[in-house]
Amino acid sequence: MTAQYTITLILPALAPKLPVRGHRNLSLYLRLKRLRDLLSDYRILARLVGYPAIHTWGIDTARKAHRGKNQWIEDAQVVVNTLYQPLENLAYLSSHDIIPLPKSLENQFWLWSCRCWAAHVALELYRLTIERDEHDKDEVTRHDWRRELLINLAYAPLTVHWSVDGGIGLDEFKVGLLGTIAGIASLAKAWQSSA
Numbered sequence: 012m013t014a015q016y017t018i019t020l021i022l023p024a025l026a027p028k029l030p031v032r033g034h035r036n037l038s039l040y041l042r043l044k045r046l047r048d049l050l051s052d053y054r055i056l057a058r059l060v061g062y063p064a065i066h067t068w069g070i071d072t073a074r075k076a077h078r079g080k081n082q083w084i085e086d087a088q089v090v091v092n093t094l095y096q097p098l099e100n101l102a103y104l105s106s107h108d109i110i111p112l113p114k115s116l117e118n119q120f121w122l123w124s125c126r127c128w129a130a131h132v133a134l135e136l137y138r139l140t141i142e143r144d145e146h147d148k149d150e151v152t153r154h155d156w157r158r159e160l161l162i163n164l165a166y167a168p169l170t171v172h173w174s175v176d177g178g179i180g181l182d183e184f185k186v187g188l189l190g191t192i193a194g195i196a197s198l199a200k201a202w203q204s205s206a
């Protein structure tokens, strides 16, 4: 994820200006663009098998012994992710001509999967806002809370951009910047949890 978005971040600086012939960065630009697209494709391919994990998360969430007053947020996240995953899977498989869908339906599946992701991010931001005071108790918890907030604040405009037909005006640089921020913060989170 971090590599994909970092490449997206630097691509505009390498983009050839017209006329393209003889542009010194053209070869590098095209290779990096193909690598970025391959990384994106791999990330979506890897999520094809994500539905069982969402199902397990949903069961675990429903079985929680202590369901606090804000448990509805996680319940809603389970629902939107349960919708998100098959929509993205169908759109992805259609984009590779594995499932025959009209292009208009495939595009709708992409939009609705991103809308579900946007709903998840919005719910997460709401949860973080409500729980802000609970995370001020010690420095480690406060740091974890801030990192989660940063990740979701970076994802929020991306999810809205991809949820709207034609986007909301984020250019490739802004997509790369926001994705890189979320990617580095997520990588730090994964690194910390593995230590």
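In my numbering, the protein residues as written are 12 to 206. We treat Cβ as the ideally placed atom computed from N, Cα and C, and that holds for glycine.
Linking A165 to R78 through their CA atoms gives a straight-line distance of about 29 Å. Distance between L198 and Y62, taken at the CA atoms: about 23 Å. A straight-line Cα-Cα distance of about 23 Å links K200 and K185.
Residues H172 of the same chain have their beta carbon placed closer than 6 Å to that of G178, with the five preceding and five following residues left out of the count. It is roughly 10 Å from the alpha-carbon of I195 to the alpha-carbon of L189.
In terms of Cα proximity to A133, the closest of Q88, T13, Y40 and R47 is Q88. Following the DSSP letters along the chain, one finds N163 inside the alpha helix (DSSP H) bounded by residues E150 to S174.
Burial of L169 is indicated by the presence of at least 16 other C-beta atoms within 10 angstroms of its C-beta. Contact between L59 and N100 holds: their C-beta atoms lie close to 6 Å from each other, under 8 Å. Approximately 15 Å separates the beta-carbon atoms of N92 and I55; this is outside 8 Å, ruling out the contact. No residue range can be given for N36, since it is assigned to no alpha helix (DSSP H) and is classified by DSSP as neither H nor E. The three-state secondary structure of P23, taken from DSSP, is helix.
By the Cβ neighbour-count rule, Y103 is buried, with 16 or more other Cβ atoms within 10 Å of its own.
The alpha helix (DSSP H) runs lying completely inside the stretch 71-125 and spanning 4 residues or more are 82-106, given in chain order. Residue environment analysis places Y53 among the exposed positions, since fewer than 16 neighbouring C-beta atoms fall within 10 angstroms of its C-beta. In the DSSP assignment, E183 falls within the alpha helix (DSSP H) that extends over E183 to S205. Contact annotation: T72 and T191 have beta-carbon atoms that are not nearer than 8 Å. Counting every other CB atom within 10 Å of its CB across the protein chains shown gives S124 a total of 16 or more, marking it as buried. DSSP, reduced to helix, strand and coil, places V60 outside both helices and strands of the structure shown, so it counts as coil.
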